[in-house]
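Trainee: Protein sequences, first through last, are from chains U and D. The opening position of the first sequence corresponds to residue 5 in our numbering, with each subsequent residue numbered one higher. The opening position of the second sequence corresponds to residue 5 in our numbering, with each subsequent residue numbered one higher. Virtual Cβ for every residue (Gly too), placed ideally from N, Cα, C. Nothing here was measured: the structure is a model prediction, and the numbers come from that model. Take this structure first; my questions come after.
There are 2 protein chains.
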Amino acid sequence: MNNKRIVLASRPAGWVGEDNFRFEDAPLPRPGDGEVLVKNLWLSLDPYMRGRMNDVKSYVPPVQIGAVMEGQTVGEVIESTHPGYKPGDKVLTRLGWQLYGCVRGDGEINKVDGDRAPLSYYVGVLGMPGLTAWFGLKEIGQPKPGETVVVSAASGAVGSVVGQLAKIRGCRAVGIAGGPAKCDYVVRELGFDACVDYKAGNLQRDLKEACPKGVDVYFENVGGEMTDVLLRVMNPFSRVIVCGLIAEYNTTEPYGVKMFRAILVNRIKVQGMIVFDWKDRYGEALKDLAAHVAAGRIKYRESVVEGIENAPKGFIALLKGQNFGKQLVKLA
Amino acid sequence: MNNKRIVLASRPAGWVGEDNFRFEDAPLPRPGDGEVLVKNLWLSLDPYMRGRMNDVKSYVPPVQIGAVMEGQTVGEVIESTHPGYKPGDKVLTRLGWQLYGCVRGDGEINKVDGDRAPLSYYVGVLGMPGLTAWFGLKEIGQPKPGETVVVSAASGAVGSVVGQLAKIRGCRAVGIAGGPAKCDYVVRELGFDACVDYKAGNLQRDLKEACPKGVDVYFENVGGEMTDVLLRVMNPFSRVIVCGLIAEYNTTEPYGVKMFRAILVNRIKVQGMIVFDWKDRYGEALKDLAAHVAAGRIKYRESVVEGIENAPKGFIALLKGQNFGKQLVKLA
């Protein structure tokens, strides 16, 4: 029984390529005192990982060259020297892009319940993406019934939850996604009121049509030119949640936002968010999300890549917007 | 007795010139039923007026070609057919760039008390600029004692009050101004902890030196490249009050803000403000400001141009940052 893992081989300049990663065989790690050996079952792929590949100061340090790529995983305990965990326990950890790993029992590990929801949901709608949608919309967006909420990357893990939560709150939910298939899914399956295809080339006109009363809340997952288009259609006293800037992650020169003046003229509030700032309140949000999922009020889809060796391919597809819903790697 | 006034002759493309204005003689206006005829004593010159010269949708409509330039004035009632006003009353109105004007007694007119403060203060520290500083800093900036507050255009009517209020609240107050004379004034007379001369060409380095603990609140009066420099030094969970963008007012192409990503990484809140959104609470702020001025805790300086015919010159000087403190035109 060997470990298999993906390490960062080199830092990308612009677009990520598969050559920025290296697949490695490694010996199975042994749990030290108070540690838990976990076999990973699901690896979550998320846009933020692109940031970790750069040698740039951010809210967390970058992945070092030669180190295992970071990421959340759901797995099963194989061996444990910590009294809180025993073989067979299902756990959420941050063991990264590998099949096995050890984690301190008092560290970043939490039990999850496979009977309450599919295990993969704990890195999706009942995990970081769902929590991001929940806190960003509620705490920064603060949408009131009847207001219009727009979310970019609307078919993705975060965006799909944002729009459905907006509907639950009595708002008009409008998505932005790439291509008719995604837009169709967002409206028909997720129940958004409308979805604009940014690839159609008329984003501003189409958004205006989809948002006859303007935009009160914009949940930003994309950035770049899209920010400028949205700032042009935001209402007075509207709110922008800056959650992700995926359009920026693979460029070497940052986009210059030209509509900064709109923030002044329309008294817009633009605020950045990172979900772990709300760590102390995850329980409250998860209870609410789980109830919505159980009742079918939040629908949820996954894109699954099989095998750790295909993680780079799945990640690049995610960055290019080729995924549909939450992007996962099935490890076992 | 004739009226004299300045009207908008043409819309500027880029920098304002004196030829964008026209000086006119006009007959003395006669008060209609319920109206008050006012002789203006002081005209306030403010950066926002530049925006009114453009034919662009903003929070208020632009000045029409041939119309009197808008602006706040302090004056004396000459004649009144409204029971609330009598000759000799001192009043704050929006009669614009002219010597005389009529206003409805139930319209935009408020009595002011020349015994409590010099009349000109009612368009300065005890008027719109002071209120802008007070609400922007308190309600959006929300500075806590010990935090660092930076304000651009620090020697100006708004900026000078922002920094002094920050000091009163127990913050480190750091100004940004153009040239050593202004910086010296900001530190020695106004009592800021430091002031950085942006004309010295090392804004980011000098700011870092002046703000050893980073920047928690930035009161933005300038915009353009300065926004990017500040976004580079803002702390996690910091706040930016977007109050004015004077660097943008005379350009035809808007500046592209490249550090938008910092808003996400550092969870910065960037919020636009316009003072009249707090109209209902002016009383509370004015009471506080008046007490600070009376006690000498807020110092205040004025730049005075004499005569209505010199208003365009004074306004252009203001836009170029040649003024020192509140820019006024003395009309009588």
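Please classify residue 329/D as buried or exposed, where buried requires at least 16 neighbouring CB atoms within 10 angstroms.
Mentor: Per the 10 Å Cβ criterion, buried.
Trainee: May I have a chain-ordered list of the beta strand (DSSP E) segments no shorter than 3 residues that lie completely inside the region 206-257 of chain D?
Mentor: Listed in chain order, the complete beta strand (DSSP E) runs (minimum 3 residues) inside the region 206-257 of chain D are 219-224 and 238-246.
Trainee: Put residue 31/D into one of helix, strand or coil per three-state DSSP.
Mentor: The answer is strand: DSSP assigns residue 31/D an E or B state.
Trainee: CB residue 6/D to CB residue 29/D, shorter than 7 Å?
Mentor: Their beta carbons are under 7 Å apart, which means residue 6/D touches residue 29/D by this criterion.
Trainee: Pick helix, strand or coil for residue 320/U, following the three-state DSSP scheme.
Mentor: Three-state DSSP puts residue 320/U in a helix.
Trainee: Any chance you could list the beta strand (DSSP E) runs of at least 3 consecutive residues sitting entirely within the region 262-304 of chain U, in chain order?
Mentor: 273-276, all fully within the region 262-304 of chain U.
Trainee: What is the C-beta distance between residue 248/U and residue 51/U, in whole angstroms, given that I count them as a contact (C-beta under 8 Å)?
Mentor: The pair is a contact, with the Cβ atoms about 6 Å apart (cut-off 8 Å).
Trainee: I want to verify the contact list: residues of chain U whose CB lies under 7 Å from the CB of residue 281/D, in sequence order.
Mentor: Going along chain U in sequence order, the residues near residue 281/D (Cβ under 7 Å) are 271.
Trainee: Taking 7 Å as the threshold (C-beta atoms), are residue 212/D and residue 182/D in contact?
Mentor: Contact flag unset, no.
Trainee: Show which residues of chain U have a CB atom less than 8 Å away from the CB atom of residue 231/D.
Mentor: Correct list: 264.
Trainee: Residue 85/D and residue 37/D look like a contact to me (Cβ under 8 Å); what is the Cβ gap, rounded to whole Å?
Mentor: Going by Cβ atoms, the distance from residue 85/D to residue 37/D rounds to 6 Å, so yes, they are a contact pair.
Trainee: From the beta carbon of residue 76/U, is the nearest beta carbon of chain D less than 7 Å away?
Mentor: So, not an interface residue.
Trainee: Between which two residues does the alpha helix (DSSP H) containing residue 84/U stretch?
Mentor: No alpha helix (DSSP H) contains residue 84/U, which is instead part of the beta strand (DSSP E) from 77-84.
Trainee: Apart from the five residues just before and just after residue 262/D, which ones in its own chain have a Cβ nearer than 6 Å to its Cβ?
Mentor: The answer, listed in chain order, is 232.
Trainee: Can you check DSSP and say which residues form a bridge with residue 99/D?
Mentor: Beta-bridge pairing links residue 99/D to no other residue.
Trainee: Identify the residues that DSSP records as bridge partners of residue 189/D: which are they?
Mentor: Looking at the DSSP assignment, residue 189/D forms no beta bridge with any residue, so it has no partner.
Trainee: Quick check: is the beta carbon of residue 258/U nearer than 7 Å to any beta carbon in chain D?
Mentor: Yes, its Cβ sits closer than 7 Å to a Cβ of chain D.
Trainee: Using 7 Å as the threshold, is the C-beta distance between residue 187/U and residue 197/U below it?
Mentor: No, these two residues do not count as a Cβ contact at 7 Å.
Trainee: Against chain D, with Cβ distances strictly below 7 Å, would residue 246/U count as a contact?
Mentor: Yes, contact with chain D.
Trainee: Any chance you could list the beta strand (DSSP E) runs of at least 3 consecutive residues sitting entirely within the region 122-179 of chain U, in chain order?
Mentor: Complete beta strand (DSSP E) runs here, min 3: 152-156.
Trainee: Please check if any C-beta of chain D sits within less than 7 Å of the C-beta of residue 268/U.
Mentor: By this cut-off, residue 268/U is an interface position.
Trainee: Here's the rule: buried if 16 or more other CB atoms are within 10 angstroms of the residue's CB, otherwise exposed. What is residue 217/D?
Mentor: Looking at its Cβ environment, which holds fewer than 16 other Cβ atoms inside 10 Å, residue 217/D is exposed.
Trainee: In angstroms, rounded to a whole number, what distance separates the CA positions of residue 154/D and residue 215/U?
Mentor: Cα to Cα, the separation comes out at about 37 Å.
Trainee: 7 Å is my cut-off, CB to CB: does residue 1/D come that close to chain U?
Mentor: No answer is possible for residue 1/D: it lies beyond the span of chain D, which begins at 5 and ends at 336.
Trainee: In three-state DSSP terms, what is residue 88/D?
Mentor: Reduced to three states, the DSSP call for residue 88/D is coil.
Trainee: Give the interface partners of residue 275/D over in chain U, defined as CB-CB distance under 9 Å, in chain order.
Mentor: Under the 9 Å cutoff, chain U gives 267, 271, 272, 273, 274 and 275.
Trainee: Please tell me whether residue 307/D has its Cβ less than 7 Å away from any Cβ of chain U.
Mentor: Residue 307/D does not count as touching chain U.
Trainee: Report the neighbours of residue 63/D on chain U: residues whose CB is nearer than 7 Å to its CB, in chain order.
Mentor: Correct list: 269.
Trainee: What does residue 249/D reach in chain U if we use C-beta pairs closer than 8 Å?
Mentor: Near residue 249/D (Cβ distances below 8 Å), the residues of chain U are 264, 265 and 268.
Trainee: Quick one: Cα of residue 284/U to Cα of residue 112/U, how far?
Mentor: Between residue 284/U and residue 112/U, the C-alpha separation is close to 14 Å.
Trainee: Are the region 219-233 of chain U and the region 138-158 of chain U touching by the rule of at least three beta carbon pairs closer than 8 Å?
Mentor: Because the criterion of three Cβ pairs below 8 Å is met, the region 219-233 of chain U and the region 138-158 of chain U touch.
Trainee: With residue 104/D as the anchor, note down where its beta strand (DSSP E) starts and where it stops.
Mentor: Where residue 104/D is concerned, the enclosing beta strand (DSSP E) stretches over 104-108.
Trainee: From the DSSP output, read off the bridge partner residues of residue 72/U.
Mentor: Answer is 11/U.
Trainee: Out of 315/U, 126/U and 83/U, point me to the one whose CA is closest to residue 93/U's CA.
Mentor: Closest option to residue 93/U, Cα to Cα, is 83/U.
Trainee: Could you pull the DSSP bridge partners for residue 47/D from this structure?
Mentor: The partner list for residue 47/D (beta bridge, DSSP) reads 77/D and 333/D.
Trainee: Identify the contact partners of residue 180/D in chain U, using a Cβ-Cβ distance below 8 Å as the criterion.
Mentor: Simply none; closest approach about 17 Å.
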